[in-house]
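Novice: Take a look at this one; I'll ask things after.
Protein chains: 4
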Amino acid sequence: MIFKRYESEGLAHYSYLIADEGQAAVIDPRRDIDVYLQDAAHDQAYICRVFETHRNEDYLIGSCEIEEATGAEVFHADKQWDYRYGTPAEDGQAWMIGRLKIRAIHTPGHTPGSMCYLMHDPNGNPWVLFSGDALFSGDAGRVDLLGEERLEEMARLLYDSIFNKILPLGDSIILCPAHGAGSVCGSKIMERTWTTIGMERMYNPVCQVESEQAFIDLHAQMLERPPYFRKMEVLNLEGPPVVGRLPILSPLSPEDFGKLMPQAQIVDTRDQVSFGGVHIPGSLSMWDHVLPGFAGWFLDYDRPILFVCDPENAEDIVRIMFRIGFDKLAGYLREGILSWVVSGKPIEKLSLVTAIELCESMKTDGDQFLLDVRAEEEFKGGGLKHAKHIHLTEILENLELIPKDKSVFPLCRSGNRSMLAASILQREGLENMKLLTGGLSAWQASDCDFEL
Amino acid sequence: MIFKRYESEGLAHYSYLIADEGQAAVIDPRRDIDVYLQDAAHDQAYICRVFETHRNEDYLIGSCEIEEATGAEVFHADKQWDYRYGTPAEDGQAWMIGRLKIRAIHTPGHTPGSMCYLMHDPNGNPWVLFSGDALFSGDAGRVDLLGEERLEEMARLLYDSIFNKILPLGDSIILCPAHGAGSVCGSKIMERTWTTIGMERMYNPVCQVESEQAFIDLHAQMLERPPYFRKMEVLNLEGPPVVGRLPILSPLSPEDFGKLMPQAQIVDTRDQVSFGGVHIPGSLSMWDHVLPGFAGWFLDYDRPILFVCDPENAEDIVRIMFRIGFDKLAGYLREGILSWVVSGKPIEKLSLVTAIELCESMKTDGDQFLLDVRAEEEFKGGGLKHAKHIHLTEILENLELIPKDKSVFPLCRSGNRSMLAASILQREGLENMKLLTGGLSAWQASDCDFEL
Amino acid sequence: MIFKRYESEGLAHYSYLIADEGQAAVIDPRRDIDVYLQDAAHDQAYICRVFETHRNEDYLIGSCEIEEATGAEVFHADKQWDYRYGTPAEDGQAWMIGRLKIRAIHTPGHTPGSMCYLMHDPNGNPWVLFSGDALFSGDAGRVDLLGEERLEEMARLLYDSIFNKILPLGDSIILCPAHGAGSVCGSKIMERTWTTIGMERMYNPVCQVESEQAFIDLHAQMLERPPYFRKMEVLNLEGPPVVGRLPILSPLSPEDFGKLMPQAQIVDTRDQVSFGGVHIPGSLSMWDHVLPGFAGWFLDYDRPILFVCDPENAEDIVRIMFRIGFDKLAGYLREGILSWVVSGKPIEKLSLVTAIELCESMKTDGDQFLLDVRAEEEFKGGGLKHAKHIHLTEILENLELIPKDKSVFPLCRSGNRSMLAASILQREGLENMKLLTGGLSAWQASDCDFEL
Amino acid sequence: MIFKRYESEGLAHYSYLIADEGQAAVIDPRRDIDVYLQDAAHDQAYICRVFETHRNEDYLIGSCEIEEATGAEVFHADKQWDYRYGTPAEDGQAWMIGRLKIRAIHTPGHTPGSMCYLMHDPNGNPWVLFSGDALFSGDAGRVDLLGEERLEEMARLLYDSIFNKILPLGDSIILCPAHGAGSVCGSKIMERTWTTIGMERMYNPVCQVESEQAFIDLHAQMLERPPYFRKMEVLNLEGPPVVGRLPILSPLSPEDFGKLMPQAQIVDTRDQVSFGGVHIPGSLSMWDHVLPGFAGWFLDYDRPILFVCDPENAEDIVRIMFRIGFDKLAGYLREGILSWVVSGKPIEKLSLVTAIELCESMKTDGDQFLLDVRAEEEFKGGGLKHAKHIHLTEILENLELIPKDKSVFPLCRSGNRSMLAASILQREGLENMKLLTGGLSAWQASDCDFEL
């Protein structure tokens with residue numbers, strides 16, 4: 061028997077493989093499906109069904125890829141929408157995977173047709189709930205995807221789904237949501253990596269509300285919506301293109317890389333320290349740990365992408381981009397940034413300063429422009445006193461707010477987002493930037509006496 | 061963060077690795093510790109603590125091996141016994157692994173000092189109970205290890221541990237026992253591979269009892285006790301020898317194998333069909349899937365062991381034997397049984413018959429001796445009408461009950477144990493044996509009209 | 061830099077990957093190309109060229125698969141034939157792979173357009189000759205593929221290629237042929253796994269001849285030609301179908317397996333001992349070590365194939381079949397033969413006898429029909445005195461030569477081919493067969509006094 | 061059969077595993093022996109012999125580790141020295157590994173007792189020469205290890221070994237030396253990764269000499285000798301300590317790392333760009349690609365070593381250090397330099413300048429101190445006009461030659477060694493340093509008009 065979770069890092073997306081007596085099923089597969097195929101084969105099982113909990117908006121679903129590989133039958137939720145593949149699952153519909161019964165439960169709220177799937181143990185007792193984006197560990201699914209006008213409606217639906225359908229299943233049920241901490245699909249998801257309905261009932265803030273209205277007040281919020289969501293939504297209805305083999309990212313010499321630059325977007329996945337040290341003019345800083353979260357915000361699907369990265373990460377980068385549908389991957393710099401500097405090609409730098417250095421310069425000079433690029437909640441939670449807040453994702457529309465005659469210090473919690481902001485600004489022609497390395501965390505850890 | 065389970069196949073032993081913020085701990089490690097080291101390293105964590113739930117009797121503990129490799133501090137339960145390593149854990153004692161609090165709960169019954177360890181989530185809420193051999197999925201730990209005279213006493217202790225210490229922790233706690241289905245430490249363990257306290261409260265028979273006495277009536281039983289338990293118990297107090305590198309099983313030519321045979325025990329891990337086809341005279345049939353369960357019953361620690369196996373399984377076999385302390389591994393037959401037959405060396409066979417063939421011969425002849433070698437419970441649950449029951453583990457003491465002048469048909473459920481029985485009897489000189497291939501399962505599946 | 065050889069086991073096919081400074085090329089790729097892609101990526105190289113030494117007849121070429129994956133340019137030999145892909149290589153044409161110069165040398169004989177490719181070291185000195193099927197270690201390529209009427213013509217061409225083009229390159233050149241020992245493309249290939257032109261000049265029998273005529277006398281022979289060669293030749297001109305992902309072999313329950321049997325061919329890849337013990341009626345015995353060599357002889361491309369195998373070998377079996385173009389793979393028996401016997405389904409057996417048993421029965425009885433199924437050369441080299449010779453591949457056409465009223469003993473060197481012969485005969489209805497386990501090797505190793 | 065080469069990267073050390081018919085041998089094993097054990101096991105072979113070509117000076121030999129693991133017999137060369145393990149090989153002594161004959165040939169010169177081992181193919185023909193440090197691809201072993209007074213004597217011995225013992229074996233023999241390009245044991249080794257005696261006879265400069273005297277004139281040179289050679293020589297006579305399991309490098313929080321710093325040496329294995337961006341005060345820059353070559357020059361065996369590295373490289377770093385006997389490995393910074401900067405701890409930087417920037421500043425200012433740290437041959441081969449030459453390994457003894465009142469620009473070919481030099485100088489208190497990123501290669505590639 062298999063009951064296994066897969067985390068797509070960066071997206072914090074969870075998918076699940078179950079298998080029993082030679083049959084297997086995947087819940088919410090990602091697009092690179094090799095792990096499911098391998099694990100199922102190892103257990104001498106074939107994947108005969110795929111269950112989608114909802115039309116996903118933050119990654120491309122792997123259902124069609126699996127269907128092509130194994131002939132599996134695909135069941136999707138949101139039957140009211142116009143899918144070009146698969147079959148809609150009905151509320152109450154049930155299937156057997158070996159001895160394991162799976163039953164669909166309609167739990168609208170995140171989307172109108174969202175489904176949970178309840179798995180029973182080999183003895184037939186309710187056991188595991190695959191809850192999709194209805195209920196997470198410490199949070200619930202966002203209800204703003206259909207727009208502000210339907211926000212309250214969706215929140216009411218979700219309230220009903222959670223309180224009248226999910227929680228009544230009982231404290232002892234193991235809860236398996238579609239996302240973990242770090243997902244854009246739930247900003248307050250906890251790091252309780254495995255959970256139960258009972259733990260959510262007791263500790264999840266959205267389950268503590270006294271009334272439907274209190275739930276709406278707490279949870280019915282318009283959240284950030286990365287522009288790539290639109291593309292995911294469209295492709296997840298059409299069925300993403302089936303490819304079979306993961307694309308290959310071509311290694312490029314500095315010469316070949318340079319030739320492709322005029323038409324391309326350049327993404328540098330090295331860390332803030334390396335990027336600050338030296339980078340290629342015009343490149344964006346997206347550290348590989350945060351690439352999955354930012355690619356969909358700042359990259360254009362229609363232009364080729366060039367990467368500067370640790371060459372050992374090339375395959376991981378392809379996977380990340382493949383999962384969110386970026387197919388125009390032009391290549392990466394062979395032997396990394398060193399080959400570039402050795403070839404004498406043009407470079408740029410971004411000065412890194414420590415908290416103490418920033419602090420000193422603020423004391424003696426005062427002519428800094430502190431630019432806090434964190435999310436609004438973070439900014440409200442405290443920061444440097446005179447900082448101006450422009451969220452990272454809104455910088456391009458607010459360039460005019462940033463002075464060209466001052467030293468600009470982009471700020472964030474640990475320095476990664478501020479380096480991305482700085483790289484965007486540098487590409488737009490801004491000079492005189494300095495980066496607080498380690499971000500506000502470093503500031504707090506230092507003994508700077510300047511008022512935070 | 062890591063929260064991961066490891067199954068030692070065949071033993072159905074579960075161990076667990078947890079890690080957070082660079083620190084890691086293992087609960088009930090097995091002796092081949094490479095998996096823990098690798099996974100901890102991958103998470104950039106070092107193993108700083110080992111927690112034992114009790115003095116294990118069915119495998120060798122890896123605590124000393126980890127201590128040697130990482131300098132981890134070892135905590136054991138059963139402090140009343142004379143350990144030569146580590147430190148006793150105290151009831152209520154707590155530790156931090158990163159942000160995860162671990163608290164020891166004294167839950168005697170399986171052994172006098174058995175401990176459970178309750179892990180809290182990063183927010184400090186009770187989360188996961190490592191329950192050792194106190195409570196399994198569908199069963200509870202055996203209470204007969206201290207002998208019949210203390211059977212009831214231990215059962216009372218376990219009743220108290222389960223009903224007054226474990227179940228009160230609440231339905232929503234994830235329950236992580238030390239064994240899964242197939243272990244000799246609990247014959248009724250269910251295949252609900254992950255469970256919660258609530259599911260056990262509702263579905264575990266030992267939790268359904270009305271009173272302490274009912275629990276004792278149900279659960280206070282003397283069970284089979286493989287002879288190797290004694291060795292495990294001794295070594296798990298002394299601390300098993302630390303080796304660092306897993307032993308290597310030498311490939312042997314038929315000539316070299318033959319030279320070592322006079323002093324050695326020969327174990328053939330191929331399946332019943334292959335073993336029946338051809339095997340080396342004197343060898344015991346222990347299919348590799350059941351080897352971990354039978355090695356400790358039928359093999360002698362003091363004599364070297366030779367293996368006939370699929371050569372690709374050689375490392376797995378070393379692991380299996382290493383986990384239960386067999387260190388005198390003399391080698392395996394290079395290129396398997398084929399090299400033996402090609403070299404023209406002596407062989408033996410054991411005839412395989414189908415249910416229909418057996419059925420026919422019983423109708424026409426009647427002079428068969430049907431020898432059912434299953435466990436007593438299985439035998440009572442139904443079998444062939446005229447079969448004589450001698451449990452597999454008691455055959456050697458009951459040789460005189462088996463007639464030499466009849467066709468002997470050892471029987472079991474699927475044919476593996478009966479082939480082991482046949483190989484033992486053949487080694488003891490019995491002839492005229494035939495094997496019902498596929499065992500009673502095959503009989504039931506066929507349309508034999510002879511009364512079962 | 062990469063200079064690496066890949067062996068396709070069973071076929072004894074060698075392919076080569078070379079890479080330098082980010083560029084890579086493959087010589088004679090097999091159809092499952094993942095190894096080349098992975099190794100090239102690991103070296104930060106992309107495969108920009110594929111070189112074929114000739115139109116292969118014993119496996120499907122992976123050129124089109126690579127072209128699809130990386131956009132590589134494909135160069136083939138035998139430009140006189142009508143390829144549907146790639147570009148013909150010209151004699152003397154040269155390419156650079158990083159600093160490594162590759163030069164084509166026309167060496168006809170095996171096929172009319174066969175090419176060798178001479179690789180120079182980074183300093184420009186001649187270094188390695190990829191010799192395709194022109195010259196092997198200990199043998200030369202077969203010259204009979206265009207039929208008997210062109211046999212001598214092709215042999216003369218090959219003589220010229222070897223003596224006037226290859227050997228003059230000098231003793232110090234490393235020689236990299238397309239096959240190693242065990243290939244059907246050269247029956248005398250030696251186990252000198254790496255060789256040089258000098259070693260072949262000195263030790264290869266085909267290089268020892270005094271004259272062209274002596275070469276023809278020695279080497280111009282019509283050899284066995286498995287029927288699947290025809291299919292390979294056709295597909296290697298058309299370009300084999302491109303698939304991307306390796307097919308998946310479905311695990312089947314005994315019930316599902318049974319349902320598919322009427323339309324299917326059944327191949328059992330277990331060893332002779334297991335197959336003799338128990339097998340499914342109608343199945344052919346092709347031990348997995350010899351499967352690549354026999355599948356093309358005895359299996360039909362148009363009917364689905366079912367496998368009985370060690371489940372851990374399922375992926376290897378897919379690879380083997382995929383390499384020679386068998387795409388109708390219906391599945392394999394989940395959990396192997398044991399699931400079949402446990403389910404009580406019909407089985408058959410084939411008796412295994414030892415040399416001593418056979419010898420005794422020959423002395424006392426004499427009514428055996430000894431059927432030697434080895435190749436003619438082997439048979440001429442010695443065997444059992446009264447054996448009748450019918451080559452394994454000719455048994456089906458010679459069924460009438462095999463008596464139905466005698467005990468038939470198929471014989472070969474080690475027992476694998478004779479078991480295949482026995483399984484064919486059993487499928488055709490012959491009874492009364494017995495197998496000399498270990499074959500004539502076992503006979504020779506025993507002290508049987510009956511005259512060999 | 062196995063005939064496989066293993067490269068220890070960075071050291072450019074080659075070792076070899078051979079196996080036939082269940083027996084295996086290793087030539088010049090490295091200390092981390094897991095690869096040999098795994099590959100031998102996979103071929104169903106056990107390692108029964110180890111052959112050393114000479115007492116190695118640049119890495120620790122794995123002979124004792126293998127002896128402990130498999131009971132192999134160890135043969136060493138240099139029998140005149142006082143080994144504490146193994147048995148001396150005698151000139152002409154021969155062994156069989158399956159069908160492969162190995163014969164020892166005394167080839168003094170690199171050391172007095174150096175041995176080559178000639179392997180014959182399965183037919184008994186001379187096939188492969190394991191030449192140790194006698195003859196490389198494009199170079200010969202150094203003859204200066206016994207000191208200047210014996211330089212000529214050793215060179216004469218080596219001349220005799222090469223010309224009278226090795227070359228006469230014939231052009232067609234495959235030559236397998238103990239080192240490839242990049243080794244400190246031969247500065248001119250070519251990138252012809254596989255070679256033959258014939259190719260060396262024709263293309264190796266040391267084989268082109270007209271006379272013994274010409275050989276001496278060309279080759280009898282005192283070369284650089286890293287200080288760790290002495291330790292290797294001693295341990296390779298005593299037998300390096302046997303450990304079984306590779307040590308584990310502990311991940312350390314910034315706090316724990318900081319606590320260990322006062323007693324420790326800090327090595328930063330990130331690239332020049334990252335190191336320049338931010339590093340920990342007092343740390344030495346040794347990029348992981350060059351770590352094996354520099355660790356033995358600049359690190360002290362008696363003080364613990366702390367690493368700043370890509371955490372994914374931690375195991376590789378342990379391997380590198382283990383191979384050259386550094387056992388006091390205190391740990392590495394968990395989550396790398398980012399955790400350090402986020403924690404607000406003190407950092408340092410080293411400015412990176414481009415060739416154009418340097419060029420401009422030289423034109424306008426002229427007050428730069430250009431410090432060329434390359435080897436003397438490289439320096440003589442061309443560089444920046446006004447540069448002062450101090451070899452990297454002699455900087456510490458020549459600190460007084462470096463002005464404190466000028467901008468100091470350490471220079472090397474590509475920027476790695478100059479960054480190491482800069483980090484040493486920074487640790488010694490020098491300020492005002494700037495690094496030409498990409499080194500002289502970048503200079504040459506740019507259009508700087510300042511005279512090179």
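Residue numbers (my numbering), protein chains in the order written: chain A, 61 to 512; chain S, 61 to 512; chain V, 61 to 512; chain Z, 61 to 512. Glycine included, each C-beta is placed from N, C-alpha and C at the ideal position. Fair warning: this is a prediction, and the values are worked out from it, not measured in the lab.
1) Return the residues of the region 406-431 of chain V that lie within a Cβ-Cβ distance of less than 8 Å from chain S, sorted by chain order.
2) Would phenylalanine 367/V pass as a contact of serine 483/V if the rule is Cβ separation under 9 Å?
3) So what's histidine 279/Z in DSSP terms, helix, strand or just coil?
4) Taking beta-carbon pairs under 9 Å, can you tell me which members of the region 320-339 of chain V lie near chain S?
5) Relative to the alpha-carbon of aspartate 387/A, which residue among Glu395/A, Lys319/A, Pro364/A and Gly404/A has its alpha-carbon at the smallest distance?
6) Would you give the residue range spanned by the beta strand (DSSP E) that valine 188/A belongs to?
7) In this structure, what does DSSP give as the bridge partners for arginine 65/A?
8) Around the C-beta of arginine 290/A, are 16 or more other C-beta atoms found within 10 angstroms, so that it is buried, or is it exposed?
9) Counting pairs of Cβ atoms below 8 Å between the region 321-334 of chain Z and the region 110-124 of chain S, do you hit three or more?
10) With burial defined as no fewer than 16 other Cβ atoms inside 10 Å of the residue's Cβ, what is the status of glycine 184/Z: buried or exposed?
11) So what does DSSP say about leucine 495/A, is it helix, strand or coil?
12) Taking 9 Å as the CB-CB limit, is valine 433/A close to chain Z?
13) In the DSSP assignment, find the alpha helix (DSSP H) that holds isoleucine 257/S and state where it starts and stops.
14) Run through the region 433-461 of chain V for me and flag every whole beta strand (DSSP E) of 3 or more residues, listed as ranges in chain order.
15) With a threshold of 6 Å on Cβ separation, who are the neighbours of proline 463/Z within its own chain once the five nearest residues in sequence on each side are excluded?
16) Would isoleucine 226/V pass as a contact of leucine 189/V if the rule is Cβ separation under 9 Å?
17) Give every residue of the same chain whose Cβ lies closer than 6 Å to the Cβ of cysteine 108/A, excluding the five residues on either side of it in the sequence, and list them in chain order.
18) Is glycine 404/V close to chain A? Criterion is C-beta to C-beta, closer than 9 Å.
19) For the alpha helix (DSSP H) that cysteine 419/V lies in, which residues bound it at each end?
20) Look up leucine 430/Z in the DSSP assignment and say whether it is helix, strand or coil.
21) Using a Cβ distance threshold of 8 Å, determine whether the region 447-457 of chain Z contacts the region 391-411 of chain Z, with at least three qualifying pairs required.
22) Name, in chain order, the residues that DSSP records as bridge partners for proline 300/S.
23) On a CA-only basis, which of Met292/Z, Ser232/Z, Val269/Z and Glu270/Z is nearest tyrosine 263/V? Give me that one, please.
Specialist: In brief:
1) Against chain S - using a Cβ distance shorter than 8 Å - the residues of the region 406-431 of chain V are Pro406, Ile407, Lys409, Leu412, Thr414 and Ala415.
2) Inclusion of phenylalanine 367/V and serine 483/V in the CB contact set at 9 Å is not warranted, their separation being larger than that value.
3) Residue state, collapsed to three classes: helix.
4) Within the region 320-339 of chain V, the qualifying residues are Arg330, Asp331, Gln332, Val333, Ser334, Phe335, Gly336, Gly337, Val338 and His339.
5) Closest by alpha carbon: Pro364/A.
6) Per DSSP, the unbroken beta strand (DSSP E) holding valine 188/A starts and ends at 186-192.
7) Looking at the DSSP assignment, arginine 65/A forms a beta bridge with Tyr76/A.
8) With fewer than 16 Cβ atoms within 10 Å of its Cβ, arginine 290/A is classed as exposed.
9) No, because fewer than three Cβ pairs between the region 321-334 of chain Z and the region 110-124 of chain S fall closer than 8 Å, the two stretches do not touch.
10) By the neighbour-count rule (16 or more Cβ atoms within 10 Å), glycine 184/Z is not buried but exposed.
11) Note: leucine 495/A maps to strand in three-state DSSP.
12) No, no contact with chain Z.
13) That run of the alpha helix (DSSP H) goes 257-263.
14) If you keep only unbroken beta strand (DSSP E) runs of at least 3 residues inside the region 433-461 of chain V, you get nothing at all.
15) For proline 463/Z, the CB contacts under 6 Å within the same chain, skipping 5 residues up- and downstream, are Phe429 in chain order.
16) The answer is yes: Cβ separation under 9 Å.
17) Excluding sequence neighbours, cysteine 108/A sits near Gln83 and Ala132.
18) Under the Cβ criterion of 9 Å, glycine 404/V is not counted among the residues facing chain A.
19) Element bounds for cysteine 419/V: 415-424.
20) In this structure, leucine 430/Z counts as strand in the three-state DSSP scheme.
21) As far as the Cβ criterion goes, the region 447-457 of chain Z does not touch the region 391-411 of chain Z, which means the pair count is below three.
22) None, per the DSSP bridge assignment.
23) Closest option to tyrosine 263/V, Cα to Cα, is Ser232/Z.
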